[in-house]
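Peer 1: Protein sequence lines correspond, in order, to chains W and F. The working numbering puts the first sequence at residues 979 to 1218. The working numbering puts the second sequence at residues 979 to 1218. The structure is given below, and queries will be raised subsequently.
Number of protein chains: 2
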Amino acid sequence: MSPDELEQELRAIGAAQYHDRHPFHKLLHGGKLNKGQVQAWALNRYCYQSAVPRKDAALLSRCHDRELRREWIHRIMDHDGFGDEEGGIERWLVLTDGLGLDRDYVISRKGALPETIFAVEAYVNFVREKTLVEAVASSLTELFAPKIHKERISGMLENYDFISDDVMQYFKRRLTQAPRDAEFALEYAKKNARTPEAQTAVLEALKFKCNVLWAQLDALHYAYVEPGNIPPGAFVPGEA
Amino acid sequence: MSPDELEQELRAIGAAQYHDRHPFHKLLHGGKLNKGQVQAWALNRYCYQSAVPRKDAALLSRCHDRELRREWIHRIMDHDGFGDEEGGIERWLVLTDGLGLDRDYVISRKGALPETIFAVEAYVNFVREKTLVEAVASSLTELFAPKIHKERISGMLENYDFISDDVMQYFKRRLTQAPRDAEFALEYAKKNARTPEAQTAVLEALKFKCNVLWAQLDALHYAYVEPGNIPPGAFVPGEA
């Protein structure tokens, strides 16, 4: 494949497998969830948000290319914050605060679904263990993130009286951060995956990452949409 | 042990095992090496310098404490640079440039001694695999670094006509960076290693790190001080 054909294949994976197509997101953005269900989503998604800096540090930890490390490190700061910049994880906690969840409980991850933790840690381990170009390619879901963030901002603000503009700052910031990061990662993958084997691996890396995101919504949908499915120990709306 | 007793034990390890006591350093600082031997030292030590950001990223990659990550990340930037700040690795390359070594050859690590690479990668893996407090404690050789850097700056400037002030900037910068970092890591270890098992592990972590540094000088001393010991493929003064 030429680099541009690789890009087309990557975009086709997003079109088919990105989690904007998941039924749970349609419920979330369409105002079909109650507050407890939105709490469950935000609490579980915190596990993903808070793992992103570890994932990006795992990438740096096996990267011998100083220029790539210098470029990539800002992703850790975007999420963790640095100096006066609060960072994305703090902005996510503003959302969970706004939803009435106890911050220490959220950070403890004790109420998260086991599937959430498994999926998130599988992502950290993937980046730690696979080739560098696969690790970079696994971030390419960010190519498709602005669309879902825009839908989410408008859908959630419109449909839920417990969601206000202040608590949606995480998504607003990502509208500018994600495209810059995705563009860099896409060019890196196109430039560095030049054999059929490497290109296949890059496509598989993006599919893997789509699965990481999709599986989290499967678990939320199973546990919180139909009654009676919340596993032992997981967050129960109204009880935390 | 109380936290202060632990600190005393840590400092005693430094006094006994830090590589300022190694015969190779006495030769280096005392002006007893020729230019080729100083080149061999700088080229091998580059492998250590360039691994430090990967080591610190490995620590971040397994750290679930956002506050600790926010504190620790500046170490990566100190070495890799960030934005306009060139960073310690670049300053090290100014030293190897000044010694007349080809920069691409240095960065390739192809001329490094196998023992150097083994020791350095053992350090990265230690930080990746051990407990967080052990990973932090393994950085505590920085408690003893300012003394050796001062000796090195004065000794090398005084004793070698091929060493000028410009190429010693790496060490000058570390005189302010290392004490700040060491102080933080020491307080972290004292606060977080409160069981006998954890305290023993912290002491062993510092011994391990002293070994990582010492072994690199053993290898240099063996290969470059007595004639005839340079292993196949390693840097040969006058040939690179």
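A virtual CB, placed ideally from N, CA and C, is assigned to each residue, including glycine.
1. Count the other CB atoms, across all protein chains shown, that sit within 10 Å of the CB of D1143 of chain F; report buried if there are 16 or more and exposed otherwise.
2. Contact criterion: CB-CB distance below 8 Å. Does S1039 of chain F meet it with respect to chain W?
3. With three or more beta-carbon pairs closer than 8 Å as the criterion, would you say the stretch 985-1004 of chain F touches the stretch 1095-1114 of chain W?
4. Tell me the DSSP secondary structure of F1140 of chain F in three-state form.
5. Enumerated in chain order, which unbroken segments of the alpha helix (DSSP H) with a length of 4 residues or greater are wholly contained in the stretch 1049-1132 of chain F?
6. So, using beta-carbon positions, are W1070 of chain F and Y1138 of chain F closer together than 8 Å?
7. To be precise: take each residue of the stretch 1080-1093 of chain F, compare its Cβ to all Cβ atoms of chain W, and keep it if any distance is under 9 Å. Which residues remain?
8. Quick check: what's the CA-CA separation for I1141 of chain W versus V1072 of chain W?
9. Determine the closest residue to T1109 of chain F out of F:A1183, F:A1090 and F:V1190, with distance taken between C-alpha atoms.
10. For Q1027 of chain F, which residues in the same chain have their Cβ closer than 6 Å to its Cβ, ignoring the five residues on either side in sequence?
11. Applying the criterion that 16 or more other CB atoms from any shown protein chain within 10 Å of the CB defines a buried residue, is D1159 of chain F buried or exposed?
12. Would you mind stating whether S1132 of chain F and F1186 of chain F have Cβ atoms separated by less than 8 Å?
13. Does D1043 of chain W pass the burial test, meaning 16 or more other C-beta atoms within 10 Å, or should it be called exposed?
14. Give me the subset of the stretch 1157-1185 of chain F whose CB atoms are less than 7 Å from a CB atom of chain W, sorted by chain position.
15. Would you kindly check if the distance between the Cβ of Y1202 of chain F and the Cβ of A1018 of chain F is under 8 Å?
16. Just to confirm, is the Cβ distance from V1180 of chain W to A1163 of chain W under 8 Å?
17. Just to confirm, is the Cβ distance from D1034 of chain F to R1053 of chain F under 8 Å?
18. Could you tell me whether any Cβ in chain F is nearer than 8 Å to the Cβ of I1051 of chain W?
19. Could you tell me whether the stretch 1082-1094 of chain F touches the stretch 1189-1197 of chain W, where touching means 3 or more Cβ pairs closer than 8 Å?
20. Excluding the 5 residues preceding and the 5 following F1122 of chain F in the sequence, name in chain order all residues of the same chain whose CB lies nearer than 6 Å to its CB.
21. State the Cα-Cα distance for the pair A994 of chain W and P1031 of chain F, rounded to the nearest angstrom.
22. Run through DSSP, which three-state label would T1178 of chain W get?
23. Considering only the beta carbon of each residue, do P1209 of chain W and P1124 of chain W sit closer than 8 Å?
24. Taking the C-alpha atoms as reference points, what is the distance between Y1200 of chain W and P1001 of chain W?
25. So which of W:Q1015, W:R1151 and W:E1217 has the shortest CA-CA distance to H1057 of chain W?
26. Start and end of the alpha helix (DSSP H) containing S1028 of chain W?
27. Let me confirm a value: E1136 of chain W is counted as buried when at least 16 other C-beta atoms fall within 10 Å, else exposed. Which label applies?
28. Less than 8 Å between the beta carbons of V1016 of chain W and L1077 of chain W, yes or no?
29. For D1178 of chain F, count neighbouring Cβ atoms within 10 angstroms of its own Cβ and tell me buried if that reaches 16, exposed if not.
30. Thinking just about the alpha-carbon of each residue, which of F:R999, F:M979, F:W1050 and F:K1010 is nearest to the one in M1134 of chain F?
31. In or out: T1119 of chain F buried (at least 16 other Cβ within 10 Å) or exposed?
32. Give the DSSP-derived three-state secondary structure of P1210 of chain W in the structure shown.
33. Relative to the C-alpha of M1055 of chain W, which residue among F:G1065, F:D1062 and F:L1038 is closest?
Peer 2: Working from what's here:
1. As a position in the second sequence, residue 1143 of chain F is number 165, starting the count at 1. Under this definition D1143 of chain F is an exposed residue.
2. Within the second sequence, numbered from 1, the residue matching residue 1039 of chain F stands at position 61. Yes, its Cβ sits closer than 8 Å to a Cβ of chain W.
3. Output reads no: the stretch 1095-1114 of chain W does not touch the stretch 985-1004 of chain F.
4. Position 162 of the second sequence, counting from 1, holds the residue named residue 1140 of chain F. Correct three-state label for F1140 of chain F: coil.
5. The stretch 1049-1132 of chain F contains these whole alpha helix (DSSP H) runs: 1066-1076, 1081-1086, 1092-1107 and 1110-1115.
6. What you label residue 1070 of chain F is simply residue 92 of the second sequence in a count that begins at 1. What you label residue 1138 of chain F is simply residue 160 of the second sequence in a count that begins at 1. Going by C-beta atoms, W1070 of chain F is not nearer than 8 Å to Y1138 of chain F.
7. Against chain W - using a Cβ distance shorter than 9 Å - the residues of the stretch 1080-1093 of chain F are I1085 and R1087.
8. Residue numbering aside, residue 1141 of chain W sits at position 163 when the first sequence is read from its first letter. Residue numbering aside, residue 1072 of chain W sits at position 94 when the first sequence is read from its first letter. Taking the straight line joining both Cα atoms gives about 11 Å.
9. Counting from 1 along the second sequence, the entry for residue 1109 of chain F is found at position 131. Looking at the Cα atoms, F:A1183 is the closest of the given residues.
10. Reading the second sequence from its first residue, position 49 is the one you call residue 1027 of chain F. Apart from sequence neighbours up to five positions away, the residues of its chain that approach Q1027 of chain F with a beta-carbon distance below 6 Å are I1067 and W1070, ordered along the chain.
11. Mapped onto the second sequence, residue 1159 of chain F falls at position 181. Buried, because 16 or more other Cβ atoms sit within 10 Å of the Cβ of D1159 of chain F.
12. As a first step, residue 1132 of chain F must be located in the second sequence, where it is residue number 154. As a first step, residue 1186 of chain F must be located in the second sequence, where it is residue number 208. No; because the gap between Cβ atoms is not below 8 Å, this pair is not in contact.
13. Looking up residue 1043 of chain W in the first sequence gives position 65. Label assigned to D1043 of chain W: exposed.
14. Cβ contacts with chain W: none found.
15. Here residue 1018 of chain F refers to the residue found at position 40 of the second sequence. Here residue 1202 of chain F refers to the residue found at position 224 of the second sequence. In this structure, the beta-carbon distance from A1018 of chain F to Y1202 of chain F falls below 8 Å.
16. Position 202 of the first sequence, counting from 1, holds the residue named residue 1180 of chain W. Position 185 of the first sequence, counting from 1, holds the residue named residue 1163 of chain W. No, they are not a contact pair.
17. Counted from its first residue, the second sequence places residue 1034 of chain F at position 56. Counted from its first residue, the second sequence places residue 1053 of chain F at position 75. The criterion of a C-beta distance shorter than 8 Å is satisfied by D1034 of chain F and R1053 of chain F.
18. To locate residue 1051 of chain W, count along the first sequence from 1; it is residue 73. Taking CB atoms only, I1051 of chain W has a neighbour in chain F less than 8 Å away.
19. No, the stretch 1082-1094 of chain F is not in contact with the stretch 1189-1197 of chain W.
20. Within the second sequence, numbered from 1, the residue matching residue 1122 of chain F stands at position 144. Cβ within range, chain order: G992 and Y996.
21. Looking up residue 994 of chain W in the first sequence gives position 16. Looking up residue 1031 of chain F in the second sequence gives position 53. Distance between the alpha carbons of A994 of chain W and P1031 of chain F is about 38 Å.
22. The sequence position of residue 1178 of chain W within the first sequence is 200, counting from 1. In the structure shown, T1178 of chain W sits in a helix (DSSP, three-state: H, G or I).
23. Counting from 1 along the first sequence, the entry for residue 1209 of chain W is found at position 231. Counting from 1 along the first sequence, the entry for residue 1124 of chain W is found at position 146. It is not a contact, given that the beta carbons lie outside the stated cut-off.
24. Within the first sequence, the letter at position 222 stands for residue 1200 of chain W. Within the first sequence, the letter at position 23 stands for residue 1001 of chain W. Answer to the nearest angstrom: the Cα atoms are 11 Å apart.
25. Numbered from 1 along the first sequence, position 79 holds the residue referred to as residue 1057 of chain W. The option with the nearest alpha carbon to H1057 of chain W is W:R1151.
26. Indexing the first sequence from 1 puts residue 1028 of chain W at position 50. Here the alpha helix (DSSP H) through S1028 of chain W covers K1013 to S1039.
27. Counting from one through the first sequence, the residue named residue 1136 of chain W turns up at place 158. So E1136 of chain W counts as exposed.
28. For the purposes of this step, residue 1016 of chain W is identified with residue 38 of the first sequence, where counting begins at 1. For the purposes of this step, residue 1077 of chain W is identified with residue 99 of the first sequence, where counting begins at 1. The Cβ atoms of V1016 of chain W and L1077 of chain W lie closer than 8 Å to each other.
29. For the purposes of this step, residue 1178 of chain F is identified with residue 200 of the second sequence, where counting begins at 1. In the sequence under discussion, the amino acid at residue 1178 of chain F is Thr, which differs from the Asp named in the question. Burial state of T1178 of chain F is exposed, judged by a 10 Å Cβ sphere holding fewer than 16 other Cβ atoms.
30. Residue 1134 of chain F sits at position 156 when you count from the first residue of the second sequence. The residue from F:R999, F:M979, F:W1050 and F:K1010 with its alpha-carbon nearest to that of M1134 of chain F is F:K1010.
31. Position 141 of the second sequence, counted from the start, is the residue given in the question as residue 1119 of chain F. A residue is called buried once 16 or more other Cβ atoms fall within 10 Å of its Cβ, and T1119 of chain F is buried on that count.
32. Taking the first residue of the first sequence as 1, we reach residue 1210 of chain W at position 232. Here P1210 of chain W sits in coil by DSSP.
33. In the first sequence, counting from the first residue as 1, residue 1055 of chain W sits at position 77. Taking the Cα of M1055 of chain W as reference, the smallest distance to any Cα among F:G1065, F:D1062 and F:L1038 is reached at F:L1038.
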